[in-house]
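Read through the structure below, which is laid out as structure tokens, and then see the notes.
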Amino acid sequence: MRTIVVTGSASGIGRATKELLEQQGDRVIGVDLHDADVTVDLTTAEGRTALVERVRELSGGTIDAVIANAGLSHESPATIAVNYFGAVATLEGLRPMLSGSTAPHASLTSSMASLLPHDTALVELALAGDEAGALARCAEVIEAGQGALIYASSKNALSRWMRRVAATPEWAGAGIPLNGVGPGVVITPMTQRMLATEEARAALAQQVPMPLHGFMGPEAVASLHVWLISAENTHVCGQIVFVDGGSDVVIRGDSTW
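First residue of the sequence shown: 180, per my numbering; consecutive thereafter.
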């Protein structure tokens with residue numbers, strides 16, 4: 180039986196992933212603000228430290244996989260704090276515990292929003308590890324009426340961080356595949372306000388076109404996470420796999436990596 184840590188496990192993609200893993204016999208240590216094995220606030224350094232300490236206690240010091248899924252979509256500094264700094268702290272903090280596994284894996288939740296317009300200064304501050312600067316930049320972005328850029332910026336930075344570290348000695352060199360998923364619009368509590376009316380749904384569909392089956396449930400993303408951390412995944416490294424109903428294709432066309 181594998182032991183897997185899933186952040187954001189109380190709802191949405193995290194909950195669906197946790198349930199799917201448990202159905203196949205894995206032990207899941209869920210992390211969230213409530214209704215979880217580990218209740219912490221990933222916007223704070225204290226919460227990130229407590230996450231690592233509590234997982235070490237519950238697991239005995241060895242885990243088989245991490246899915247850094249917790250995220251926010253608010254037009255606030257908390258979004259960059261959780262989506263980027265919380266996710267990176269989760270993966271880096273728990274990485275030593277993966278060394279005891281015979282088949283360690285890690286995955287994170289990015290978004291197709293990583294392909295959308297973002298604030299370059301905010302992305303660069305995040306990648307530089309300057310959380311104070313990033314939070315201050317968020318305030319400036321909000322004051323300028325561009326708060327919607329924060330979410331896309333957080334996911335752009337997270338995807339770029341993953342690409343930078345996935346092939347390093349600490350990850351690939353240690354036999355740990357690190358990858359991520361890039362969902363399109365997922366029907367979860369986080370997107371509920373964006374899907375509240377027909378007008379809102381139409382506007383979102385125009386921004387995030389999903390010609391294949393339209394908006395999706397969290398199970399579609401959960402299944403991909405589960406495969407990325409499975410024994411079958413031996414060589415996928417540093418990839419954001421878009422599960423977006425075709426948004427990437429429509430938006431980027433012929434553009435490829």
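For glycine and all other residues, C-beta sits at the position ideal for the given N, C-alpha and C.
(1) From the DSSP output, which residues share a beta bridge with L287?
(2) For V422, does the three-state DSSP call read helix, strand or coil?
(3) Below 8 Å on the Cβ atoms is my contact criterion, and I expect G193 with V185 to pass it. Report the Cβ-Cβ distance as a whole number of Å.
(4) Taking R181 as the reference, which of P283, A336, L304 and V231 has the closest Cα?
(5) Tell me the residue span of the alpha helix (DSSP H) that contains I242.
(6) Do you know offhand how far V360's Cα is from E322's?
(7) Judging by CA-CA distance, which residue of A300, G308 and A327 is the nearest neighbour of R316?
(8) So if DSSP puts I183 in a beta bridge, which residue, or which two residues, is it bridged to?
(9) If the criterion is Cβ atoms closer than 9 Å, does the pair R227 and V234 meet it?
(10) Taking the Cβ atom as the reference point for each residue, do L221 and T269 lie within a distance shorter than 9 Å?
(11) Helix, strand or coil: which one does DSSP assign to V217?
(12) What residue from P362, A353 and P390 has the CA that sits closest to T413's CA?
(13) Does the distance from the C-beta atom of S190 to that of P368 stay below 9 Å?
(14) Could you please give the first and the last residue of the uninterrupted alpha helix (DSSP H) stretch that includes A399?
(15) Across which residues does DSSP place V365 in a beta bridge pair?
(16) Could you give the first and the last residue of the continuous alpha helix (DSSP H) run that contains G352?
(17) Can you list, in chain order, the residues of its chain with a C-beta nearer than 7 Å to that of V231? Leave out the 5 residues immediately preceding and following it.
(18) With a threshold of 16 other CB atoms inside 10 Å of the CB of L391, please say whether the residue is buried or exposed.
If we stick to the structure as given:
(1) In DSSP, L287 forms a bridge with A247 and G359.
(2) strand
(3) 5 Å
(4) The residue with the shortest Cα to Cα distance from R181 is P283.
(5) No alpha helix (DSSP H) holds I242; DSSP gives it neither H nor E.
(6) 31 Å
(7) A300
(8) According to DSSP, residue pairing for I183 in a beta bridge involves V207 and A244.
(9) no
(10) In this structure, T269 lies closer than 9 Å to L221 by Cβ.
(11) Three-state result, V217: strand.
(12) It is A353 whose Cα lies nearest to the Cα of T413.
(13) yes
(14) P397 to L407
(15) M395
(16) Looking at the DSSP string, G352 is not in any alpha helix (DSSP H), and its letter there is neither H nor E.
(17) G272 and L273
(18) exposed
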